[in-house]
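Counted the way my numbering counts, the sequence shown spans residues 216 to 317.
Backbone N, C-alpha and C define an ideal beta-carbon position, used for all residues, glycine too.
Remember, it's a predicted structure, so these values are computed and weren't measured experimentally.
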Amino acid sequence: MIRIGRRSFVLRAVATGCLLGVAHTEAFANVDESDPMAVALGYKEDTGKVDSAKYPNHAPSQQCSNCKQFQGGAADTAAGCTLFGGKAVAAKGWCSSWVKKA
Ligand code: SF4
């Protein structure tokens, strides 16, 4: 049996609570295309629906999942974006701030 002191127990409980809080806040709501910032950046949930006349530098191969700002992994269908704090963008989405992931 492992014995820990009261202080260690309290610190571990606080740390666990903080981690659970972080995990909870990771469940972002999706960015709405009508969100003012999304409109300003031309964000679309589907890179195939980007207006190429309005964004001539857009290419269909560009999508959030291969953007430097995407905070998810290869298997994620949506994840955070550094530009849309607290909200998730679609892995197949796109906006005019797309920058190729290194
Ligand atoms: Fe997607 Fe990148 Fe635009 Fe964020 S910055 S919405 S990850 S294309």
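Residue 308 CB to nearest heavy atom of ligand 1 below 8 Å | Position 93 of the sequence shown, counting from 1, holds the residue named residue 308. For residue 308, the shortest separation between its Cβ and any heavy atom of ligand 1 lies below 8 Å.
Under 8 Å from any heavy atom of ligand 1, does the C-beta of residue 312 make it?
-> What you label residue 312 is simply residue 97 of the sequence shown in a count that begins at 1. Correct: residue 312 has its Cβ closer than 8 Å to ligand 1.
Quick one: Cα of residue 289 to Cα of residue 259, how far?
-> Indexing the sequence shown from 1 puts residue 289 at position 74. Indexing the sequence shown from 1 puts residue 259 at position 44. If you take the alpha carbons of residue 289 and residue 259, they lie about 19 Å apart.
Whole-angstrom distance between residue 297 and residue 276, CA atom to CA atom | Here residue 276 refers to the residue found at position 61 of the sequence shown. Here residue 297 refers to the residue found at position 82 of the sequence shown. Answer to the nearest angstrom: the Cα atoms are 20 Å apart.
Give the range of the alpha helix (DSSP H) segment to which residue 253 is assigned.
-> Your numbering for residue 253 matches position 38 in the sequence shown. Residue 253 -> alpha helix (DSSP H) spans 251-256.
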